[in-house]
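The sequence shown begins at 1 in UniProt numbering and counts up by one.
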Amino acid sequence: MTDRFAVMGNPIAHSLSPIIHQQFAAQTGQTIIYEKRLILPDEFEQQAHDFFKNGGKGLNITLPYKFEAFSLCQQLTERAKKAQAVNTLWMSGGKLHGDNTDGIGLLRDLQRYLDVRTQSILVLGAGGAASGVIPALLSQTPHVTLVNRTQRKAEQLKTRFPNLTILDYDALNLSSDFNSEASHELTVRSRKSEEIGFTYDLLINATSASLLDEPLPIPKSIWKAKPFCYDLAYQLGEDTSFVQAAKKEGCHAVDGLGMLVEQAAESFFIWFGIQPEVQPVLASLKKSRDHSLRS
Numbered sequence: 001m002t003d004r005f006a007v008m009g010n011p012i013a014h015s016l017s018p019i020i021h022q023q024f025a026a027q028t029g030q031t032i033i034y035e036k037r038l039i040l041p042d043e044f045e046q047q048a049h050d051f052f053k054n055g056g057k058g059l060n061i062t063l064p065y066k067f068e069a070f071s072l073c074q075q076l077t078e079r080a081k082k083a084q085a086v087n088t089l090w091m092s093g094g095k096l097h098g099d100n101t102d103g104i105g106l107l108r109d110l111q112r113y114l115d116v117r118t119q120s121i122l123v124l125g126a127g128g129a130a131s132g133v134i135p136a137l138l139s140q141t142p143h144v145t146l147v148n149r150t151q152r153k154a155e156q157l158k159t160r161f162p163n164l165t166i167l168d169y170d171a172l173n174l175s176s177d178f179n180s181e182a183s184h185e186l187t188v189r190s191r192k193s194e195e196i197g198f199t200y201d202l203l204i205n206a207t208s209a210s211l212l213d214e215p216l217p218i219p220k221s222i223w224k225a226k227p228f229c230y231d232l233a234y235q236l237g238e239d240t241s242f243v244q245a246a247k248k249e250g251c252h253a254v255d256g257l258g259m260l261v262e263q264a265a266e267s268f269f270i271w272f273g274i275q276p277e278v279q280p281v282l283a284s285l286k287k288s289r290d291h292s293l294r295s
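Here it is in structure tokens:
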């Protein structure tokens, strides 16, 4: 019997999830069909319901539907409860279950580069992506700061995570929307940001600016400290706009490809009870990216 899976989101064309899960299935002797589905606004709940009604085994959820997926679930893991956002769905005992594997995926990938426990971290954005990773980051270090253009959304996260530090966007002089779900362009007037002199060891882009190839200017005072820069977004062609900007400023920067594979491995484990090997899949994707860049 062939099990059916899918990833739902908007946009979705860029998704590598089908490739990743097919490789995991080949490793572990599973036979699966894994599709990517573009979901239009207001259709997510019905599409998810129909998928499981028609025998689907599991769903991955990407932006902008992680909050909606959370609301649909009848049973939630502790990780999902903390994140209040879900990226992995499955049916069990007649109930829809939800988990969030983003946080563990990020931590596992970051371990390739640094010790998160020693880092002072600035997270850009307060949407579903940030909500999914902040609990995991706070489990490793108390030094996590978040900035978001919509102060109300940032304060909502602060209410849920008292140890989270909220940086007022006015302090950085962020004069346009800095919302990870809407992903509008951020503009910075340099004089005031230069005077502030914030420094962080790790800068995480949790906005969707890179997916939309939008610029995300950062105050020079932050770049000066040469933080390690991590973009939760990814692409197989050239570097994301955030990674490009970070490298231009002399920072070591990577995108979220490793996180994607790690969180997918955790989803696969949830569905099958088998832990797939991440490194061969990640190496294959990086090889494809290198070939794409040379073409």
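We put the CB at the ideal spot given by N, CA and C, even for glycine. Bear in mind that the values here come from a model prediction, so they are computed numbers and not experimental data.
Taking the beta strand (DSSP E) that glycine 58 belongs to, which residues open and close that run? If you number the sequence shown from 1, residue 58 lands on position 58. That run of the beta strand (DSSP E) goes 58-61.
Provide the residue span of the alpha helix (DSSP H) that contains aspartate 109, from first to last. Your numbering for residue 109 matches position 109 in the sequence shown. Here the alpha helix (DSSP H) through aspartate 109 covers 102-110.
In terms of alpha-carbon separation, which member of Gly94, Ile20, Thr62, Ala25 lies closest to phenylalanine 52? Position 52 of the sequence shown, counting from 1, holds the residue named residue 52. Minimum Cα-Cα distance from phenylalanine 52 among the listed residues Gly94, Ile20, Thr62, Ala25 corresponds to Gly94.
Out of Pro135, Ala6, Lys286, point me to the one whose CA is closest to glycine 258's CA. Counted from its first residue, the sequence shown places residue 258 at position 258. The candidate whose alpha carbon is nearest that of glycine 258 is Lys286.
So threonine 145 and isoleucine 121 are supposed to be a Cβ contact under 8 Å. How far apart are they, rounded? Here residue 145 corresponds to residue number 145 of the sequence shown, with the count starting at 1. Here residue 121 corresponds to residue number 121 of the sequence shown, with the count starting at 1. Going by Cβ atoms, the distance from threonine 145 to isoleucine 121 rounds to 7 Å, so yes, they are a contact pair.
Candidates Leu203, Ser267, Trp271: which alpha carbon is nearest aspartate 255's? Sequence index remark: in the sequence shown, residue 255 carries index 255 (1-based). Nearest Cα to aspartate 255 within the set Leu203, Ser267, Trp271: Leu203.
For leucine 107, which residues from the same chain have a beta carbon less than 6 Å from its beta carbon, with the 5 sequence-adjacent residues on both sides left out? Here residue 107 refers to the residue found at position 107 of the sequence shown. Ala136, listed in sequence order.
Does the structure place the segment 257-276 close enough to the segment 96-112 that three or more beta carbon pairs sit under 8 Å? The answer is yes - the segment 257-276 touches the segment 96-112, with three or more Cβ pairs under 8 Å.
Rounded straight-line distance, which links the Cα of lysine 82 to that of lysine 220: The residue labelled residue 220 in the question sits at position 220 within the sequence shown. The residue labelled residue 82 in the question sits at position 82 within the sequence shown. A direct Cα-to-Cα measurement between lysine 220 and lysine 82 gives close to 33 Å.
Counted within 10 angstroms of its Cβ, other Cβ atoms place leucine 40 as buried (16 or more) or exposed: By one-based count along the sequence shown, residue 40 stands at place 40. By the 10 Å Cβ count, leucine 40 comes out exposed.
Three-state secondary structure assigned by DSSP to glycine 9: Residue 9 sits at position 9 when you count from the first residue of the sequence shown. Strand.
If I measure Cβ to Cβ from cysteine 229 and keep anything under 6 Å in the same chain, skipping five residues before and after, which residues do I get? For the purposes of this step, residue 229 is identified with residue 229 of the sequence shown, where counting begins at 1. Within the same chain, and ignoring the five residues on either side of cysteine 229 in sequence, the residues whose Cβ sits closer than 6 Å to its Cβ are Leu203, Ala246, Cys251, Ala253.
Proximity of alanine 5 and lysine 57 at Cβ, strictly below 8 Å: Indexing the sequence shown from 1 puts residue 5 at position 5. Indexing the sequence shown from 1 puts residue 57 at position 57. Going by the sequence as given, residue 5 is phenylalanine instead of alanine. Contact: yes.
Close Cβ partners of phenylalanine 242 (< 6 Å) along its chain, the five nearest in sequence each way excluded: Working through the sequence shown from its first residue, we reach residue 242 at position 242. Excluding sequence neighbours, phenylalanine 242 sits near Asn205, Ser210, Leu216, Asp231.
If you follow the beta strand (DSSP E) that aspartate 50 is part of, which residue opens it and which one closes it? Taking the sequence shown and counting its residues from 1, the one referred to as residue 50 is at position 50. Boundaries around aspartate 50 are those of the alpha helix (DSSP H), 44-53, since no beta strand (DSSP E) includes it.
Burial state of lysine 153 (16 or more Cβ within 10 Å): Within the sequence shown, numbered from 1, the residue matching residue 153 stands at position 153. Lysine 153 is buried by the Cβ-count criterion.
Tell me whether the beta-carbon of serine 139 lies closer than 8 Å to the beta-carbon of glutamine 84. Against the sequence shown, residue 139 aligns to sequence position 139. Against the sequence shown, residue 84 aligns to sequence position 84. For serine 139 and glutamine 84, no; Cβs fall outside 8 Å.
At the level of alpha carbons, what is the spacing between proline 277 and tyrosine 234? Here residue 277 is taken as the residue at index 277 of the sequence shown, counted from 1. Here residue 234 is taken as the residue at index 234 of the sequence shown, counted from 1. The question names proline, but residue 277 is glutamate in the sequence shown. In this structure, the alpha-carbon of glutamate 277 lies about 20 Å from that of tyrosine 234.
Let me make sure I understand the geometry here. Which of Pro227, Cys73, Asn54, Asn100 has the alpha-carbon closest to that of phenylalanine 268? Walking along the sequence shown from the start, residue 268 turns up at place 268. Per the Cα distances, Asn100.
Please list, in chain order, all residues of the same chain as arginine 294 whose beta carbon is under 8 Å from its beta carbon, the five residues on each side excluded. The residue you call residue 294 lines up with position 294 of the sequence shown. Note that arginine 294 scores 47 on pLDDT, short of 50, meaning its location in the model is unreliable and no value can be drawn from it.
Is it buried or exposed for isoleucine 20, if we count other Cβ within 10 angstroms and need 16 for buried? Taking the first residue of the sequence shown as position 1, residue 20 is located at position 20. Flag for isoleucine 20 reads buried.
Can you tell me whether leucine 38 is buried or exposed, with buried defined as 16 or more other CB within 10 angstroms of its CB? Translated into positions along the sequence shown, residue 38 becomes position 38. Around the beta-carbon of leucine 38, fewer than 16 other beta-carbon atoms lie within 10 Å, marking it exposed.
Measure the C-alpha to C-alpha separation of isoleucine 274 and threonine 165 and round it to an integer number of angstroms. Locating residue 274 in the sequence shown gives position 274, counting from the first residue. Locating residue 165 in the sequence shown gives position 165, counting from the first residue. So the alpha carbons of these two residues sit roughly 37 Å apart.
Is the CB-CB distance between glycine 103 and threonine 207 below 8 Å? Position 103 of the sequence shown, counted from the start, is the residue given in the question as residue 103. Position 207 of the sequence shown, counted from the start, is the residue given in the question as residue 207. No, Cβ-Cβ distance for glycine 103 and threonine 207 is not below 8 Å.
Return the Cβ separation of leucine 236 and alanine 129 in integer angstroms, given the expectation that the two are a contact with Cβ distance under 8 Å. Here residue 236 is taken as the residue at index 236 of the sequence shown, counted from 1. Here residue 129 is taken as the residue at index 129 of the sequence shown, counted from 1. The Cβ separation is near 19 Å, so there is no contact.
Residue interval of the alpha helix (DSSP H) (run including arginine 152): Position 152 of the sequence shown, counting from 1, holds the residue named residue 152. In the DSSP assignment, arginine 152 falls within the alpha helix (DSSP H) that extends over 151-160.
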